[in-house]
Every structure is written in structure tokens, then in C-alpha cells.
Amino acid sequence: MSDARPILYLDGVSVSFDGFRAIDNLSLVLEKGEMRAIIGPNGAGKTTMMDIITGKTKPDEGEVFFDGDIDLTRHDEADIAMLGIGRKFQKPTVFESHTVEDNLLLALKGKRSAVKALFDRRSPRQAERLGHILETIRLSARRHDLAAGLSHGQKQWLEIGMLLAQDPKLLLVDEPVAGMTDAETGETARLLKEIAQTHSVIVVEHDMQFVRELGVKVTCLHEGSVLSEGTLDFVSADQRVVEVYLGR
Amino acid sequence: MMIVRALADGFTWRVAAAVLVLVAAAIVVPVLNLSVPAGSALHVPTYAVTLFGKYLTYALLALALDLVWGYCGILSLGHGAFFALGGYAMGMYLMRQIGSRGVYGNPILPDFMVFLNWKQLPWFWYGFDHFWVAAIMVLAVPGLLAFVFGWFAFRSRVTGVYLSIITQAMTYALLLAFFRNDMGFGGNNGLTDFKDIIGFDIQSDETRAALFAASALTLALGVVLVAFFVKSKYGKLMIAVRDAESRTRFLGWRPENVKLFAFTASAVMAGIAGALYVPQVGIINPSEFAPANSIEVVIWTAVGGRATVVGPIIGALVVNWGKSWFTGAFPEFWLFALGGLFILVTLFLPKGIVGTLVEGWTARRARRASATAEKDVEPESFGKDEELRAEAAE
Ligand SMILES: Nc1ncnc2c1ncn2[C@@H]1O[C@H](COP(=O)(O)OP(=O)(O)OP(=O)(O)O)[C@@H](O)[C@H]1O
Ligand SMILES: [Mg+2]
Chain A
4 MSDARPILYL DGVSVSFDGF RAIDNLSLVL EKGEMRAIIG PNGAGKTTMM
54 DIITGKTKPD EGEVFFDGDI DLTRHDEADI AMLGIGRKFQ KPTVFESHTV
104 EDNLLLALKG KRSAVKALFD RRSPRQAERL GHILETIRLS ARRHDLAAGL
154 SHGQKQWLEI GMLLAQDPKL LLVDEPVAGM TDAETGETAR LLKEIAQTHS
204 VIVVEHDMQF VRELGVKVTC LHEGSVLSEG TLDFVSADQR VVEVYLGR
Chain B
242 MMIVRALADG FTWRVAAAVL VLVAAAIVVP VLNLSVPAGS ALHVPTYAVT
292 LFGKYLTYAL LALALDLVWG YCGILSLGHG AFFALGGYAM GMYLMRQIGS
342 RGVYGNPILP DFMVFLNWKQ LPWFWYGFDH FWVAAIMVLA VPGLLAFVFG
392 WFAFRSRVTG VYLSIITQAM TYALLLAFFR NDMGFGGNNG LTDFKDIIGF
442 DIQSDETRAA LFAASALTLA LGVVLVAFFV KSKYGKLMIA VRDAESRTRF
492 LGWRPENVKL FAFTASAVMA GIAGALYVPQ VGIINPSEFA PANSIEVVIW
542 TAVGGRATVV GPIIGALVVN WGKSWFTGAF PEFWLFALGG LFILVTLFLP
592 KGIVGTLVEG WTARRARRAS ATAEKDVEPE SFGKDEELRA EAAE
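Heads up: the sequence lines are chains A and B, in that order.
Residue numbers for the first sequence follow this note's numbering, beginning at 4 and rising by one.
Residue numbers for the second sequence follow this note's numbering, beginning at 242 and rising by one.
Structure representation (C-alpha cells):
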């Protein structure tokens, strides 16, 4: 049965920038429907790993498979997005001169033909879906405002909303709660847990309180490879992890 | 029905006003020229009709550039090339219309070919004695060049300054090529001495008025088309690509296709502008490919306001009207004035004339709206309205 195959499979992946090994023999397996938290000090390679999965960076070595047997190293960013991998960037990246609603509209799942978009009208179902997402990310009141005017936290949420609109199989969420208040952080954890009920998710975060709230398996990266993996309690008790974090 | 709806959606009052003014001009100006006696204060002289007809084709060119630069972020410094190619296609038709009335009286060969001792019409001149063939070429040649050029440039992810430079190189290469006599386009002198167009005397007042009207109506059509583009989901996509190209890839879009479509459509528009320009000025020669021409188009657009539909038209009209006045009064200083204008606009009116006006107007309206909202009105009601409209559209 295809369900037994992992949604994401990285094996022996390495990539260097000008001789500096940012990812070094990294292996990681994510099961279907799993949510995984990734931690690690600055420069550990967390974002670079997402770059590799989404086709932004080509690995020098190693295998990257999605949904069983799709070799991601053979596809580009747009292909990979259409295969069902969505991404929220570390620095929230939304279309600033578009309204909140239009940001979601551009992300909404569907055909990606530029020419067809010329005649594309919003269907009632799409309008309903947009309204639903806007409610989920608490931006209904701001739907007609330009994204540029949102607070940092709201931009983070808008980008999560864009992920929801894309409805990918696998979500890569890079530092979703940076710049959020404690209350917002709690909300975000709740939202991600809800999303994780129907999707596979990788969350990168430095905020340990947040990671604890997620309550999922944790992988700690260091210098481009996996240092430790297990429950948060197990990982944070791991002597090597403690050294890496204290040694900074 | 869907198309009508889509068109109607794209109409802001500015767009509607521009279309109305252009259609009115297409009717009123010819009437004032042809039916009002020359002595009357209301009479529009033919030279003015032709001059403004020419400006309208420039405005169409600026509008075409705005589509790619203003909305899609592609700073093309080669749009003059598409304009010139459309112009040459029209010029070839007009050349063949001369027939045996040329200096050498050759019924088939244009004068310059006889002069070069050519015995046969080159293959690429075949069919240009038919207006419809020429009309297709006016669209196809610039469109095809833009498609092929864009295909390679956008696919290899050439952007920003590098793209601008290669568009300049493109128009420069064409300039050099068209200068050559053996290219078969009249070399240095280009194509000129036209006699008539679809059977009408090209010099007559009636024809000139008709060409003016055609230019105004075509521009109106261009405005409608660009407004439709911009308002559609594709228009939002263009802006998304302009502002955050790589982000669109991670949503599954292919920015290279978004750009290629805009670039090709824009080149076709520029070609049509060139085709309307040539019969009004009576000549097309390689100087139309000069890199400086393409840069001037950028200045018109910037002055009027990029990423607005009406801005480039106002910019083209104002700057060219200024140019006509200036080159009459102080011919040596025009280039300095143009450069100075560009610097001033960049520094003090980065959104151009129309962009600045729109911004001021929107800000005032927003202030007023928030003032009333504080009193009683529910701010959400606008959004509800739009949703209902979206649903009704299906
Ligand atoms: N395109 C690139 N060119 C050169 N070096 C890069 C590039 N991308 C990443 N790096 C380097 O690779 C290393 C890993 O960076 P990465 O952004 O993946 O770290 P991170 O784990 O996401 O850190 P942070 O927690 O600060 O976001 C860093 O030293 C970074 O400077
Ligand atoms: Mg990072």
C-alpha cells in the first residue's frame, strides 16, 4: 500500500556554498501525516534543507524523494509546488502591493496557467474557501487592506493562510512565530496542530515553548546534519544538544 | 456574457473617462478639421490633426511599455524596435501601393530596389501588396520576435538591469541591420514617398483625419484591453511577479510564462502603434530603431505614471507636446530638458503625474471614509458587496 511510504525521504544529502558544507550528509524521513519540529542553532542548515526540498537549491549529493518515488532533485520550484509542497518563508514573504484577499487568491489551489488566469473568475466555492481561510487566520476584517500594512505577526499568518489556500500535501513552515506575542504564539501552535491532522508538516522554530506546545517528534540539526532525534524531552536532555546550544 | 462582465469589472472611472475622451476626439477632431471652414476659430488645421495623430500612436506605444514595465517589472529598453517593425510592415505595404508611380516607374519593384539594380522582388516582400497580409505582419513580426526573445531571456532567468541591456542590444542590432542596403528595406533612407493607403490619397485631409480617428480608436481599444488585463487574475499575477518573482514559483506559478505573455502582447501593441505612425509621418527609416527612442518611451511612461492605465498616455502626450514646443523655441536644449525632466520626476514624482494624483485622491477618500466610519457606518459592508458581485458574475 502506498500509504506506508514516507511523504519525505532525504538520504545522504550534502550541499556546499563556496566550499562551506551547509548541509552535510543529512538524512531524514517524514511519515505521511506526521508533524515534525526541527530545531538547531543559527546556521545549522534548517532553511537550506527547505531550499533543497523546494527546488531552490540543488544538492551536490544525496537523494530527496517525495511521496514515495518522486525524485525532487529533478524538478524545479514551480513543479515541486504543484506536486504538493508548500512553504512559508523565514522572513514572511507576501505580495505587499496586493490586498490580503488577493494574496490568498493567488495561492488558491488550481490550474497555474498564466493565459487562463486572464479569464479566471472567482467561483462561489472559491469565495467561500477564501472567506473560511480569512476567518481561520483572523484577517477577515482586513481582507481588502494591502498586505504591506499588516503587522509582522499578521504577515506570518497571512503566509500560513496562503499555505492553507494551496492545500499542499506537505507544509514546510520556517519560524512561524518569530515576532509574535505569547498569545499569538499559542494560537499559531493550535492552528498548526489543526492543520497537521490532515497534512504532513515540518516546522522549524527556535521558540522551545512553542515546540513543546506542538508536542511532536523533534529533530535537532547541527552543522548540516542530524544531531539528535526524539521527543523534546529526550532531545533537550541529549548531552550533545546541550553542548551545541551552550557552546554558542 | 463572461467577457462583458470581465470588461466591465476592469473599468475604473479613469479608464472610462479616457475611453470616452478618445472616442469623442475620434469624432470631433475630424469634424472640426473637415467641416468647419478654415477661417473659423474652431477649425483644426490638418497639420495639427496629423501631429496629434502621431502623438496618439506614441501614447499607444507608452501604454504597451507600461504593461510590461509598470505592471510586470520588465524594464524593456527595446520597445522602439517593436514599434519600428510594425512601422516597416506598414511601410512595405505603402511602398507596394505606389506601383508604377515611382520615379523609375517599375510596377513591382520599389524605387530603391531598381536603384540597387535588383531584378526581382525579395521573397519577404511577397504579399505586401495586400493590406491584409501587411496587417497580419504588423502583428506577427513584433509578436514573434518578442516571443522568441522572451522565451530565451525569461527562461534563463535574465532579469533587472541585464534584461534591460539585452533589449537595448536587440534594438541596436536591428538598427545596424536595417541600415544595410542588402537587407532589402531601403537601407539608410528607409521607406517613403507613399502615395495612397487602401486606395485613398495618403496626403488628403480626409485620409489624415481618418488616420487620426483610427489612432484614437485603437488607443481606446488598447486602454480597454490593458484595463482588462490588469483587473484580471492575470493582472494580479503580473504585479506579484513584479514585486516578488521567486515567491510566485513556490506557489506553483511560472513567472517566465507570465512575463512572456505580457511581453508578447505588449510587442504586438507596439507594432500596431508603429503601423499607425508610419502613414501619418510618411516615412519609416532605421533611425526608429535608435536605442535613444526606446529610452524616451520609458521617460514618457515614468512622467505620466507607471502602473496606471491612463498615466503613460498623459505622459506621452505631455512630453511630446513639450518636445514640439521646445524644439521650436530652443532646439539645442531639448535633450537636456528631457533628461532634467526625467530626473525631476524620478526624484519628486516617483509615481508620475497620474500615480501621484491617484494616490492623493485615494488618501483623501480614505480619510473621509474613516471619518464617517467612526460615526456610524460599518466598514465591512463594502467587502460584502463585492462578494455578492463576484457570485453574481458566475
Ligand atoms: N545561498 C547561500 N550561499 C552561501 N551560503 C549560504 C547560502 N545559504 C545558506 N548559506 C549558509 O549556510 C549555512 C546554513 O544556513 P541556513 O540559513 O540554512 O541556517 P538556519 O539553520 O536556517 O539558521 P537560522 O536559524 O539562523 O535561520 C549558513 O552558514 C549560511 O550562511
Ligand atoms: Mg533559517
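All C-beta atoms in this analysis are idealised placements derived from N, C-alpha and C, irrespective of residue type, glycine included.
How would you list, in chain order, the residues of chain B whose beta-carbon sits under 8 angstroms from the beta-carbon of residue i?
i	result
glutamine 157 of chain A	Ordered by position in chain B, no residue passes the 8 angstroms Cβ test against glutamine 157 of chain A, which lies about 17 angstroms from the chain.
methionine 85 of chain A	Gly493
leucine 149 of chain A	Here the premise fails: no neighbours, minimum Cβ distance about 11 angstroms.
leucine 109 of chain A	Lys474, Lys477, Leu478, Ala481, Thr489, Leu492, Trp494
aspartate 105 of chain A	Lys477
Does the beta carbon of residue i fall short of 6 angstroms from some heavy atom of ligand 1?
i	result
glycine 182 of chain A	no
glycine 46 of chain A	yes
alanine 40 of chain A	no
phenylalanine 213 of chain A	no
phenylalanine 491 of chain B	no
alanine 1 of chain A	Outside the shown range of chain A, which is 4 to 251, sits residue 1 of chain A, and nothing can be said about it.
phenylalanine 20 of chain A	yes
Could you check where the alpha helix (DSSP H) with residue i kicks off and where it finishes?
i	result
alanine 298 of chain B	Residue identity differs from the one stated: residue 298 of chain B is threonine in this sequence, not alanine. Taken as a continuous stretch (DSSP letters only), the alpha helix (DSSP H) holding threonine 298 of chain B covers 287 to 310.
lysine 196 of chain A	185 to 199
isoleucine 555 of chain B	552 to 570
valine 471 of chain B	446 to 472
serine 228 of chain A	Counting along the chain, serine 228 of chain A falls outside any alpha helix (DSSP H), though it belongs to the beta strand (DSSP E) covering 228 to 233.
leucine 173 of chain A	No alpha helix (DSSP H) holds leucine 173 of chain A; the beta strand (DSSP E) holding it covers 173 to 177.
valine 244 of chain A	242 to 249
threonine 222 of chain A	Run containing threonine 222 of chain A: none in the alpha helix (DSSP H); it sits in the beta strand (DSSP E), 220 to 225.
serine 507 of chain B	496 to 522
leucine 133 of chain A	127 to 139
Which residues of chain A have a Cβ atom closer than 9 angstroms to the Cβ of residue i, listed in chain order?
i	result
tyrosine 312 of chain B	Near tyrosine 312 of chain B there are no residues of chain A at all, since even the closest Cβ is about 11 angstroms away, more than 9 angstroms.
arginine 488 of chain B	Phe92, Thr96, Val97, Phe98
phenylalanine 470 of chain B	Leu121
tyrosine 475 of chain B	Ala117, Val118, Lys119, Ala120, Leu121, Phe122, Asp123
For residue i, return the contacting residues in chain B, with the cut-off set at a CB-CB distance below 7 angstroms.
i	result
glutamate 99 of chain A	Asp484
glutamate 138 of chain A	Neighbours of glutamate 138 of chain A on chain B: none; closest Cβ ~13 angstroms, over 7 angstroms.
glutamine 169 of chain A	Leu492
valine 118 of chain A	Phe502
alanine 81 of chain A	Arg490, Gly493, Trp494, Arg495
Which first and last residues belong to the beta strand (DSSP E) in which residue i is found?
i	result
phenylalanine 23 of chain A	23 to 33
glycine 15 of chain A	11 to 20
glycine 65 of chain A	64 to 69
methionine 38 of chain A	38 to 42
arginine 398 of chain B	Careful: arginine 398 of chain B lies outside any beta strand (DSSP E) and carries neither H nor E.
aspartate 352 of chain B	Aspartate 352 of chain B -> not in any beta strand (DSSP E); alpha helix (DSSP H) instead, spanning 352 to 356.
glycine 89 of chain A	88 to 91
phenylalanine 203 of chain A	Per the sequence shown, the amino acid found at residue 203 of chain A is serine instead of phenylalanine. Start and end: 203 to 207.
Along chain A, which residues have their Cβ under 8 angstroms away from the Cβ of residue i?
i	result
serine 397 of chain B	Ordered by position in chain A, no residue passes the 8 angstroms Cβ test against serine 397 of chain B, which lies about 13 angstroms from the chain.
isoleucine 480 of chain B	Phe98, Ser100, His101
**OP:** Could you name the residues whose beta carbon sits closer than 7 angstroms to any heavy atom belonging to ligand 2, keeping them in chain order?
**Re:** A:Lys49, A:Thr50, A:Gln93, A:Asp177, A:Glu178, A:Val207
Original post:
Going along the chain, which residues of the segment 52 to 74 of chain A sit with their C-beta nearer than 7 angstroms to a C-beta in chain B?
Top reply: Thr57
Subject >> Where the segment 174 to 194 of chain A meets chain B: residues whose CB sits under 7 angstroms from a CB there >> reply: none
Original post:
What residues in the segment 495 to 515 of chain B bring their beta carbon closer than 7 angstroms to a beta carbon of chain A?
Top reply: Arg495, Asn498, Val499, Phe502
**OP:** Note down, in chain order, all residues in the segment 396 to 422 of chain B with a beta-carbon under 9 angstroms from any beta-carbon belonging to chain A.
**Re:** none
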